[in-house]
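Student: At position 60 of the sequence shown the residue is numbered 64 (the numbering used here), and the sequence of numbers has no breaks.
From the three backbone atoms N, C-alpha and C, an ideal C-beta is built for every residue, glycine too.
Being a predicted model, the structure only gives us computed values, none of them experimental.
Before I ask anything, here is the structure I am working with.
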Amino acid sequence: MRIFDRKFHKHVGRYLFQCALATGAVLVILLVLDVITQAVIIASLGASSFIAFTMPHANVSRPRYMIGGYVWGMVAGIAMNALGDAVGDPALGGWTLRGDVIFGAASVGLAIFLMVITDTEHPPAAGLALGVVLAQWNTLALVVPIVGIVALSLARLALKPILINLIDVPEREVKHESR
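The following block contains the structure:
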(Lines of atoms letter the chains of each structure in order from A and count residues from 1; the text may use other names and numbers.)
(Lines give C-alpha, C1' and ligand atoms only; values in the text may rest on other atoms or scores of the structure.)
Protein backbone atom coordinates (compact mmCIF):
# COMPACT_ATOMS: atom_id res chain seq x y z
CA MET A 1 0.00 0.00 0.00
CA ARG A 2 1.37 3.37 -1.06
CA ILE A 3 0.90 6.33 1.29
CA PHE A 4 2.69 9.10 -0.61
CA ASP A 5 2.09 10.24 -4.16
CA ARG A 6 4.65 8.80 -6.57
CA LYS A 7 5.74 12.28 -7.67
CA PHE A 8 6.21 13.57 -4.12
CA HIS A 9 9.75 12.28 -3.56
CA LYS A 10 10.90 13.74 -6.87
CA HIS A 11 9.24 17.13 -6.33
CA VAL A 12 9.24 17.69 -2.55
CA GLY A 13 10.19 21.34 -2.98
CA ARG A 14 7.41 21.94 -5.52
CA TYR A 15 4.82 20.36 -3.23
CA LEU A 16 5.90 22.52 -0.29
CA PHE A 17 6.17 25.65 -2.45
CA GLN A 18 2.74 25.28 -4.06
CA CYS A 19 1.02 24.44 -0.77
CA ALA A 20 2.69 27.50 0.78
CA LEU A 21 1.47 29.61 -2.16
CA ALA A 22 -2.08 28.37 -1.62
CA THR A 23 -1.81 29.18 2.08
CA GLY A 24 -0.44 32.64 1.34
CA ALA A 25 -3.08 33.39 -1.29
CA VAL A 26 -5.93 32.47 1.04
CA LEU A 27 -4.32 34.39 3.92
CA VAL A 28 -4.01 37.55 1.83
CA ILE A 29 -7.57 37.23 0.54
CA LEU A 30 -8.94 36.73 4.06
CA LEU A 31 -6.91 39.62 5.48
CA VAL A 32 -7.82 42.01 2.69
CA LEU A 33 -11.48 41.07 2.58
CA ASP A 34 -11.86 40.62 6.37
CA VAL A 35 -14.43 37.89 5.90
CA ILE A 36 -14.18 35.75 8.99
CA THR A 37 -17.79 36.60 9.97
CA GLN A 38 -19.09 35.06 6.71
CA ALA A 39 -17.16 31.80 7.01
CA VAL A 40 -19.92 29.60 5.57
CA ILE A 41 -20.07 31.67 2.39
CA ILE A 42 -16.32 32.06 1.84
CA ALA A 43 -15.23 28.57 2.90
CA SER A 44 -15.43 27.55 -0.76
CA LEU A 45 -12.34 29.72 -1.39
CA GLY A 46 -10.27 27.18 0.55
CA ALA A 47 -11.41 24.39 -1.75
CA SER A 48 -10.82 26.58 -4.80
CA SER A 49 -7.27 27.35 -3.65
CA PHE A 50 -6.65 23.60 -3.45
CA ILE A 51 -7.73 23.25 -7.07
CA ALA A 52 -5.86 26.34 -8.28
CA PHE A 53 -2.54 25.33 -6.71
CA THR A 54 -2.61 21.53 -7.00
CA MET A 55 -4.08 21.34 -10.52
CA PRO A 56 -2.99 24.63 -12.11
CA HIS A 57 -3.01 23.17 -15.62
CA ALA A 58 -6.43 21.49 -15.38
CA ASN A 59 -9.59 22.98 -16.87
CA VAL A 60 -11.26 23.27 -13.48
CA SER A 61 -8.61 25.78 -12.37
CA ARG A 62 -8.97 28.09 -15.37
CA PRO A 63 -10.61 31.49 -14.73
CA ARG A 64 -13.63 30.58 -16.88
CA TYR A 65 -14.38 27.66 -14.58
CA MET A 66 -13.44 29.25 -11.26
CA ILE A 67 -15.13 32.62 -11.78
CA GLY A 68 -17.98 31.26 -13.90
CA GLY A 69 -18.68 28.55 -11.35
CA TYR A 70 -18.81 31.10 -8.53
CA VAL A 71 -21.17 33.33 -10.49
CA TRP A 72 -23.55 30.40 -11.08
CA GLY A 73 -23.17 29.22 -7.48
CA MET A 74 -24.08 32.69 -6.31
CA VAL A 75 -27.06 32.91 -8.71
CA ALA A 76 -28.35 29.51 -7.57
CA GLY A 77 -27.91 30.36 -3.90
CA ILE A 78 -29.64 33.73 -4.19
CA ALA A 79 -32.51 32.25 -6.23
CA MET A 80 -33.12 29.39 -3.80
CA ASN A 81 -32.74 31.70 -0.81
CA ALA A 82 -35.41 34.01 -2.26
CA LEU A 83 -37.68 31.07 -3.06
CA GLY A 84 -37.18 29.71 0.45
CA ASP A 85 -38.06 33.09 1.96
CA ALA A 86 -41.22 33.23 -0.17
CA VAL A 87 -42.34 29.65 0.56
CA GLY A 88 -41.16 29.25 4.13
CA ASP A 89 -41.14 25.78 5.67
CA PRO A 90 -43.18 23.55 3.35
CA ALA A 91 -45.50 20.85 4.70
CA LEU A 92 -45.57 17.34 3.28
CA GLY A 93 -48.11 14.79 4.47
CA GLY A 94 -48.50 16.38 7.88
CA TRP A 95 -44.75 16.88 8.32
CA THR A 96 -43.24 20.34 8.35
CA LEU A 97 -39.93 20.36 6.52
CA ARG A 98 -37.13 22.81 7.17
CA GLY A 99 -37.09 25.22 4.25
CA ASP A 100 -33.38 25.96 4.60
CA VAL A 101 -32.62 22.25 4.18
CA ILE A 102 -34.92 21.83 1.16
CA PHE A 103 -33.79 25.00 -0.59
CA GLY A 104 -30.15 24.47 0.39
CA ALA A 105 -30.19 21.11 -1.36
CA ALA A 106 -32.02 22.64 -4.32
CA SER A 107 -29.36 25.36 -4.56
CA VAL A 108 -26.64 22.72 -4.95
CA GLY A 109 -28.59 20.93 -7.69
CA LEU A 110 -29.34 24.19 -9.50
CA ALA A 111 -25.71 25.33 -9.26
CA ILE A 112 -24.50 22.02 -10.69
CA PHE A 113 -27.04 22.24 -13.52
CA LEU A 114 -26.09 25.83 -14.39
CA MET A 115 -22.37 25.04 -14.32
CA VAL A 116 -22.60 21.94 -16.51
CA ILE A 117 -24.80 23.57 -19.16
CA THR A 118 -22.48 26.59 -19.39
CA ASP A 119 -19.23 24.58 -19.25
CA THR A 120 -18.08 26.36 -16.09
CA GLU A 121 -17.85 23.39 -13.70
CA HIS A 122 -16.04 24.27 -10.48
CA PRO A 123 -17.07 21.94 -7.60
CA PRO A 124 -16.46 24.41 -4.72
CA ALA A 125 -19.06 26.73 -6.25
CA ALA A 126 -21.80 24.22 -5.39
CA GLY A 127 -20.75 24.65 -1.76
CA LEU A 128 -20.96 28.41 -2.21
CA ALA A 129 -24.60 28.05 -3.34
CA LEU A 130 -25.38 26.04 -0.21
CA GLY A 131 -23.61 28.60 1.99
CA VAL A 132 -25.69 31.44 0.54
CA VAL A 133 -28.89 29.61 1.50
CA LEU A 134 -27.76 28.53 4.97
CA ALA A 135 -25.99 31.70 6.14
CA GLN A 136 -27.26 35.14 7.02
CA TRP A 137 -25.82 37.48 4.43
CA ASN A 138 -25.88 40.96 3.00
CA THR A 139 -24.69 42.39 -0.30
CA LEU A 140 -21.09 42.74 0.92
CA ALA A 141 -21.05 39.07 1.92
CA LEU A 142 -21.99 38.20 -1.68
CA VAL A 143 -19.30 40.43 -3.19
CA VAL A 144 -16.52 38.95 -1.05
CA PRO A 145 -16.42 35.46 -2.63
CA ILE A 146 -16.50 36.92 -6.14
CA VAL A 147 -13.62 39.29 -5.37
CA GLY A 148 -11.81 36.42 -3.67
CA ILE A 149 -12.16 34.02 -6.61
CA VAL A 150 -11.06 36.71 -9.07
CA ALA A 151 -7.97 37.38 -6.91
CA LEU A 152 -7.27 33.64 -6.68
CA SER A 153 -7.67 33.27 -10.45
CA LEU A 154 -5.27 36.16 -11.09
CA ALA A 155 -2.71 34.69 -8.67
CA ARG A 156 -2.95 31.31 -10.39
CA LEU A 157 -2.57 32.91 -13.84
CA ALA A 158 0.48 34.88 -12.73
CA LEU A 159 2.12 31.85 -11.11
CA LYS A 160 1.03 29.19 -13.61
CA PRO A 161 4.34 29.17 -15.53
CA ILE A 162 6.18 27.98 -12.42
CA LEU A 163 3.49 25.60 -11.13
CA ILE A 164 3.09 21.90 -11.88
CA ASN A 165 0.07 19.64 -11.45
CA LEU A 166 0.57 17.94 -8.09
CA ILE A 167 -2.41 15.70 -8.78
CA ASP A 168 -2.62 13.41 -11.77
CA VAL A 169 -4.98 15.04 -14.25
CA PRO A 170 -6.03 13.20 -17.43
CA GLU A 171 -4.54 14.89 -20.52
CA ARG A 172 -8.05 15.58 -21.88
CA GLU A 173 -8.65 17.72 -18.78
CA VAL A 174 -5.61 19.91 -19.48
CA LYS A 175 -6.06 22.78 -21.90
CA HIS A 176 -3.46 25.26 -22.90
CA GLU A 177 -4.95 28.68 -22.36
CA SER A 178 -3.87 31.93 -23.88
CA ARG A 179 -3.24 34.89 -21.63
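Tell me, to the nearest whole angstrom, how far the beta carbon of A78 is from that of A56; I am working on the premise that it is less than 8 Å.
Tutor: Here residue 78 turns out to be Met, not Ala, going by the sequence shown. Not quite, the Cβ-Cβ distance comes to about 18 Å (not below 8 Å), so this is no contact.
Student: Using 8 Å as the Cβ pair cut-off and three pairs as the minimum, do the region 110–121 and the region 161–171 touch?
Tutor: Because the criterion of three Cβ pairs below 8 Å is not met, the region 110–121 and the region 161–171 do not touch.
Student: Return helix, strand or coil for A129, following the three-state DSSP convention.
Tutor: In this structure, A129 counts as helix in the three-state DSSP scheme.
Student: Taking all protein chains shown into account, do 16 or more other C-beta atoms lie within 10 angstroms of the C-beta of H13, making it buried, or fewer, making it exposed?
Tutor: H13 should be labelled exposed.
Student: Once DSSP output is grouped into helix, strand and coil, what is the label at R10?
Tutor: If DSSP states are grouped into helix, strand and coil, R10 belongs with coil.
Student: With distances taken from CA atoms, which of W76, F107, P128, G73 is nearest V91?
Tutor: The candidate whose alpha carbon is nearest that of V91 is F107.
Student: Got a sec? Which residues, its chain only, sit under 6 Å from G135 by beta carbon, not counting five neighbours each side?
Tutor: Only V44, I45 meet the Cβ criterion.
Student: At what residues does the alpha helix (DSSP H) containing G28 begin and finish?
Tutor: 16–37 is the extent of the alpha helix (DSSP H) around G28.
Student: Comparing C-alpha positions only, which one of P149, P67, R160, V75 sits nearest to L34?
Tutor: Answer by Cα proximity: P149.
Student: Per DSSP, what kind of secondary structure is A139 in: helix, strand or coil?
Tutor: Residue state, collapsed to three classes: coil.
Student: What three-state label does DSSP hand A47 in the structure shown?
Tutor: If DSSP states are grouped into helix, strand and coil, A47 belongs with coil.
Student: Short check: CB of L156 to CB of S52, under 7 Å?
Tutor: Closer than 7 Å, so yes.
Student: Who are the Cβ neighbours of D104 in its own chain at under 7 Å, not counting the five residues just before and after it?
Tutor: For D104, where only same-chain residues beyond five positions count, the Cβ hits under 7 Å are G88, V137, L138.
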